[in-house]
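According to the UniProt record's numbering, the residues represented by the sequence shown are 1 to 312, in order. The structure appears below as structure tokens.
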Amino acid sequence: MDGGNHSVVSEFVFLGLTNSWETQFLLFVFSSMFYVASMMGNSLIMLTVISDPHLHSPMYFLLANLSFIDLGVSSTISPRMIYDLFRKHKVISFGGCITQIFFLHVIGGVEMVLLIAMAFDRCVAICKPLHYLTIMSQKMCILLLVAAWIIGLIHSVIQLVFVIKLPFCGPNELDSFYCDFPRFIKLACTDTSRLEFMVIANSGFISLGSFFILLISYIFILITIRKPSSGGSSKALSTLSTHVMVVILFFGPCVFVYVWPHPTSHLDKFLAIFEEIFTPFLNSVIYTFRNKEMKVAMRKVCNQFFIYRKIL
């Protein structure tokens, strides 16, 4: 390490997930399978939305951006975890660790705001259908996307500014398979109680606050759907249930990891695997198989691809 942060530790050692060879092999197979499926599924959603003119609407614009973020979620941790499974010495440099934390929280912050934007989009579509295209204009969609990235960057940088100056003089073992604030801060050779509270306030309460905002918006939509005057309630309810499933999959592990007062190593690792590997895959599956327009458009894209290959 350089002398700027007075640190002796220049690299960190992951203790990993397990020492059992059989468990490692199973994790390797399933993690690789779900990682590839997630990358393919989310890439297909993006390609479908871009190529099909019928999907050039605010809802699908936000969905394509969510799929792009899910590609980032999968790529931030999964490749490194899969690569480390059979390595005896799972080592990451200080800079590599900080970089992983930075992208992890930028992407997490962007996804939180995107999920709120998607809930707002459905709220406008169901509660004010006549004004939908006026409110959810192209300008509004771009503003929501820019706001998501700005908030994600601020959320990540604010924490890193304090963490990067911490002195690390040993030990350097992280009881995890990736770098994140809670366990990383505990390795600093100084009192970090205030900093740990700041991380909880930043990551934990933002996760919890965003979850309650989404919960309130969904309750408001449900009340609107139940009104006798509202039409298309079955389709709206189906779309709403899709969003609720994705929100629970994303915020459940986040709230537990950053807010729960008595974390356990094994449960944290399981939730991290679920959120970083399975959730991006499940998001693509949920949004695809519960949406008829997406299924039809995807078939067209796949058919065009196979026709193009035959011509070649």
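Glycine residues also receive a C-beta, built at the ideal position from the N, C-alpha and C atoms. Quantities reported herein were computed from a predicted structural model and do not represent experimental measurements.
Would DSSP call PHE181 helix, strand or coil? helix
Select from SER78, TRP149, MET136 the residue whose C-alpha is nearest the C-alpha of ILE107. TRP149
Whether VAL216 touches VAL246 by CB criterion (8 Å): One detail in the question is off: residue 216 reads as Ile in this sequence, not Val. No.
Cβ shell of SER162 (< 8 Å), same chain only, five flanking positions each side left out: Looking at the sequence provided, one finds Phe at residue 162 rather than Ser. Cβ within range, chain order: LEU195, MET198.
Look at the alpha carbon of HIS89 and the alpha carbon of CYS179, and state the distance between them as a whole number of angstroms. 15 Å
If I follow the unbroken beta strand (DSSP E) through GLU11, where does it start and stop? 11-14
Report yes or no: do the region 127-134 and the region 205-219 share at least 3 C-beta pairs separated by less than 8 Å? no
Hey, would you say PHE168 sits closer than 8 Å to ILE92, going by beta carbons? no
For ARG299 and LEU240, I'd like the C-alpha separation in whole angstroms. 24 Å
Beta-carbon within less than 7 Å of GLN24's beta-carbon, same chain only, minus the 5 sequence neighbours each way: which residues are those? THR18, LEU85, PHE86
State the CB to CB distance for the pair GLY170 and TYR258, rounded to an integer number of angstroms; the pair is presumed to be in contact (CB under 8 Å). Contact doesn't hold; Cβ gap of about 26 Å is too wide.
Since I believe ILE221 is in contact with ARG122 (beta carbons under 8 Å), could you give me their beta-carbon distance rounded to a whole number of angstroms? 6 Å
Take the Cβ of ASP175 as the centre, count every other Cβ of all protein chains shown within 10 Å, and call the residue buried at 16 or more, exposed below. exposed
The alpha helix (DSSP H) that contains VAL124, what's its start and end? 94-127
Could you check the C-alpha separation between LYS139 and THR48 for me, to the nearest Å? 22 Å
Measuring only the C-alpha atoms, how far is GLY16 from ILE82? 11 Å
Report yes if the CB atom of VAL113 is closer than 8 Å to the CB atom of GLY152, and no otherwise. yes
Check whether the Cβ atoms of ILE219 and TYR35 lie closer than 8 Å to each other. no
Going straight from the alpha carbon of residue 401 to that of GLU22, what length do you get? Outside the modelled stretch of the chain, which goes from 1 to 312, sits residue 401, for which no answer is possible.
Own chain partners of ASN172 with C-beta closer than 8 Å, once the 5 adjacent residues on each side are dropped: VAL9, GLU11, PHE12, VAL13, LEU187
Identity of the residue in VAL146, PHE94, CYS97, ILE223 nearest LEU62 by Cα: VAL146
What's the call for VAL296, buried or exposed, on a 16-neighbour Cβ count within 10 Å? exposed
Would you tell me roughly how many angstroms separate the C-alpha atoms of ALA117 and CYS254, rounded to the nearest one? 19 Å
Between the CA atoms of SER20 and LEU143 - distance to the nearest angstrom: 49 Å
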